[in-house]
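Shown next, in structure tokens, is the structure this report addresses.
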Amino acid sequence: MTQTPQILEARQDYKFTSISKRSGSDIVVELYNEAMEKNEKLKQLNEQINQIYQIKNDSLVAYSKFSKTNQTYWTRATNHINQIQDSVLKQSTLEVFKNIEQSYKTKMAEYEPKIKEIQKKDILLSDQLILMKLFISESMMKNYQLNEKPAIKTLETIIERYDKLIEESKEYTKIAK
608 MTQTPQILEA RQDYKFTSIS KRSGSDIVVE LYNEAMEKNE KLKQLNEQIN
658 QIYQIKNDSL VAYSKFSKTN QTYWTRATNH INQIQDSVLK QSTLEVFKNI
708 EQSYKTKMAE YEPKIKEIQK KDILLSDQLI LMKLFISESM MKNYQLNEKP
758 AIKTLETIIE RYDKLIEESK EYTKIAK
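Residue numbers (this note's numbering): 608 to 784.
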């Protein structure tokens with residue numbers, strides 16, 4: 608017989624209260640956290656998932672900053688070029704800088720598919736983490752349901768007592784004809 612999860616054993620003293628209503632707790636997350644405490648491999652996997660999220664965030668922030676800095680430069684450069692009074696010089700300088708900017712964009716084009724791929728993989732991994740939490744907690748709930756299910760005999764006894772009391776009370780509720 609598999610053990611009842613500790614988090615659920617601690618909750619047995621709460622009569623008829625919803626776990627989700629107490630202190631904003633999330634039973635799925637609590638069960639998953641308990642499973643990680645007991646399974647070093649799961650804990651390490653979870654840590655690696657958290658690390659990749661952090662690495663992704665740091666990398667995308669660096670890329671975003673780089674991209675915005677370049678975009679700001681091209682905007683400002685165009686503004687400065689537009690201040691040139693000589694129209695021929697202005698036009699030729701605009702063309703030169705448009706070519707330079709286009710060259711930069713061509714070099715950076717390989718980054719966009721990589722970023723999109725990272726974003727897709729981030730979604731997939733996030734979904735996998737949710738599935739892990741659900742399936743791990745479900746097996747723990749199954750143990751709880753198996754080990755802690757109250758005996759039906761208690762309910763049957765209550766029903767019998769109700770039936771007996773209802774029957775006995777009828778003696779005092781007969782309408783005289």
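All C-beta atoms, glycine included, are put in the ideal place defined by N, C-alpha and C.
- Two segments are said to touch when three or more pairs of C-beta atoms, one from each, lie closer than 8 Å; by this definition the region 635-642 touches the region 735-749.
- Ranked by how close their Cα comes to the Cα of Q610, the residues K740, Y769, T682 and K645 have K645 in first place.
- With respect to the 8 Å criterion, L736 and I656 are classified as neighbours on the basis of their beta carbons.
- Judged by DSSP in its simplified three-state form, T761 adopts helix.
- Note on the region 713-766: whole alpha helix (DSSP H) runs with a minimum of 4 residues are 718-755, in chain order.
- Boundaries cannot be given for A783, as no alpha helix (DSSP H) includes it and DSSP labels it neither H nor E.
- In this structure, the alpha-carbon of F742 lies about 37 Å from that of I766.
- In this structure, A642 lies near L649, with their beta-carbon atoms less than 8 Å apart.
- Between the region 715-732 and the region 691-698 there are fewer than three inter-stretch CB-CB distances shorter than 8 Å, so the stretches are not counted as touching.
- Closest in alpha carbon position to N706, among A684, I691, K723 and Q692, is A684.
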